[in-house]
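Visitor: In our numbering, the protein residues as written are 244 to 509. In this text, a Cβ means the ideal position worked out from N, Cα and C, and glycines have one as well. Because the structure is a prediction, the values reported are computed rather than measured. First the structure, which I've put down as structure tokens, then a few questions once you've had a look.
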């Protein structure tokens, strides 16, 4: 399976410009043979935009979703994007995957909120493991800070996630999350992890880029720099099978000492 990771757009304050950038990335990704495009956290609207979050929030089937659905149909690929989701008066930091026919494959609400940046504007989601199938691969969704909790990633592994998709908005000086923590999560839970970050500066945040794709054996399959970039990466299930055969962490756990918490099914 070939995936495209869109670290951008670098200038992200305008919704129409964001959607145009996603459309362009989707066309480029499709031309490169990718079947899915992954965009960063809050990629449709901007992230550190204060009160504009509430103004730009919309239901999962709102105008932004309608435009992303068009982009998916036009490019013929699945598009994963971040947006502020309005559910009545409540707003969530959400990620949605829309398939090549424009249909919603999954919608995930960030469960671990990061400081005042999140807590001022968003409610926390209450469903940790949200998955969808793509090209024969069971995909799971987390957002940014979520991946910094090993329990969240392990819950996905226990529920059959093979590829964990993590749109993010990681800022300086936390580069070590992308460089060290994310590869560790992939290895310890034996899953592919793609961590797709923002770039550039937004108000007082300097995003550090460094989007990456990590194999279950810890191999770095792709690593972006600091600026806008579209990375193309191939994810092979045979690599996952070999890694889980050789690195038996999941089978070797002492669940008699620390029982596995079974997450509720969706």
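Comparing C-alpha positions only, which one of 318, 365, 375 sits nearest to residue 339?
Guide: Counted from its first residue, the chain shown places residue 339 at position 96. Checked all of 318, 365, 375; the closest Cα to residue 339 is 375.
Visitor: Restricting to Cα atoms, I'd like to know which of 477, 285, 328, 497 is closest to residue 387.
Guide: The sequence position of residue 387 within the chain shown is 144, counting from 1. Looking at the Cα atoms, 285 is the closest of the given residues.
Visitor: Can you name, in chain order, every residue of its own chain whose Cβ lies under 8 Å from the Cβ of residue 356, other than the five neighbours on each side?
Guide: On the chain shown, position 113 is the one that residue 356 refers to. If we look at residue 356 and ignore the five residues flanking it on each side, its Cβ neighbours are 336, 362, 365, 367, 388.
Visitor: On a Cα-Cα basis, can you pick out the residue from 423, 428, 385, 464 that is closest to residue 412?
Guide: Counting from one through the chain shown, the residue named residue 412 turns up at place 169. Relative to residue 412, the option among 423, 428, 385, 464 whose CA is nearest is 385.
Visitor: Can you round the beta-carbon distance between residue 439 and residue 454 to whole angstroms, since I take them to be within the 8 Å contact cut?
Guide: Walking along the chain shown from the start, residue 439 turns up at place 196. Walking along the chain shown from the start, residue 454 turns up at place 211. Their Cβ separation, rounded to whole angstroms, is 5 Å, which keeps residue 439 and residue 454 in contact under 8 Å.
Visitor: Below 8 Å, can you find three or more Cβ-Cβ pairs linking the segment 341-349 to the segment 282-300?
Guide: Touching, no, given that fewer than three Cβ pairs across the two stretches are closer than 8 Å.
Visitor: DSSP beta-bridge partners for residue 477?
Guide: Your numbering for residue 477 matches position 234 in the chain shown. According to DSSP, which records beta bridges pairwise, residue 477 is partnered with 245.
Visitor: With DSSP run on the structure shown, which of helix, strand or coil describes residue 509?
Guide: Against the chain shown, residue 509 aligns to sequence position 266. Residue placement at residue 509 is poorly supported in this model, since its pLDDT is 38, which falls under 50; the coordinates are not used for a value here.
Visitor: Applying the 10 Å Cβ sphere with the 16-neighbour rule, what's the burial state of residue 249?
Guide: Residue numbering aside, residue 249 sits at position 6 when the chain shown is read from its first letter. Classification of residue 249: buried, given that the 10 Å Cβ count is 16 or more.
Visitor: Consult DSSP for residue 408 and reduce its assignment to one of helix, strand or coil.
Guide: Within the chain shown, the letter at position 165 stands for residue 408. Residue 408 falls in the strand class under three-state DSSP.
Visitor: Quick one: what's got a C-beta closer than 7 Å to residue 433's C-beta in the same chain, skipping five residues either side?
Guide: Your numbering for residue 433 matches position 190 in the chain shown. So the qualifying residues of the chain are 400, 459, 486, 487, 490, 492, 493.
Visitor: What's the gap between the Cα of residue 509 and the Cα of residue 351?
Guide: Locating residue 509 in the chain shown gives position 266, where the first residue counts as 1. Locating residue 351 in the chain shown gives position 108, where the first residue counts as 1. Below a pLDDT of 50, predicted positions are generally treated as unreliable, and residue 509, at 38, falls in that range; no measurement from the model is reported.
Visitor: Excluding the 5 residues preceding and the 5 following residue 246 in the sequence, name in chain order all residues of the same chain whose CB lies nearer than 7 Å to its CB.
Guide: In the chain shown, the residue the question calls residue 246 occupies position 3. So the list reads 277, 279, 281, 437, 476, 478, once near-sequence residues are dropped.
Visitor: Of all the alpha helix (DSSP H) runs that stay within the bounds of the segment 306-368, which reach a length of 4 or more residues?
Guide: 306-318, 358-362
Visitor: So who's on the other strand from residue 463, going by DSSP bridges?
Guide: Here residue 463 corresponds to residue number 220 of the chain shown, with the count starting at 1. Per DSSP, 457.
Visitor: Using a threshold of 7 Å, state whether the C-beta atoms of residue 469 and residue 283 are closer than that.
Guide: Residue mapping note: residue 469 aligns to position 226 of the chain shown, counting from 1. Residue mapping note: residue 283 aligns to position 40 of the chain shown, counting from 1. No, the pair does not count as a contact, with Cβ atoms beyond the cut-off.
Visitor: Which whole-angstrom value describes the C-beta separation of residue 445 and residue 324, a residue pair presumed to lie in contact below a C-beta threshold of 8 Å?
Guide: In the chain shown, the residue the question calls residue 445 occupies position 202. In the chain shown, the residue the question calls residue 324 occupies position 81. Between residue 324 and residue 445 the Cβ distance is about 17 Å, and since that is not below 8 Å, they are no contact.
Visitor: Could you tell me if residue 222 is buried or exposed, where buried requires 16 or more neighbouring beta carbons within 10 angstroms of its beta carbon?
Guide: The chain is shown from 244 up to 509; residue 222 falls before or after that span and cannot be answered.
Visitor: Here's a check: name, in chain order, each residue in its chain whose Cβ is nearer than 6 Å to the Cβ of residue 296, leaving out the five neighbours to either side.
Guide: The residue labelled residue 296 in the question sits at position 53 within the chain shown. Closer than 6 Å at Cβ, skipping near neighbours: 327, 364.
Visitor: Please work out which residues of its chain come closer than 6 Å, Cβ to Cβ, to residue 407, disregarding the five sequence neighbours upstream and downstream, and give them in chain order.
Guide: Working through the chain shown from its first residue, we reach residue 407 at position 164. Correct list, in chain order: 383, 399, 434, 436.
Visitor: If you scan the segment 268-312 from start to end, which runs of the alpha helix (DSSP H) of 4 or more residues do you find wholly inside it?
Guide: 295-299
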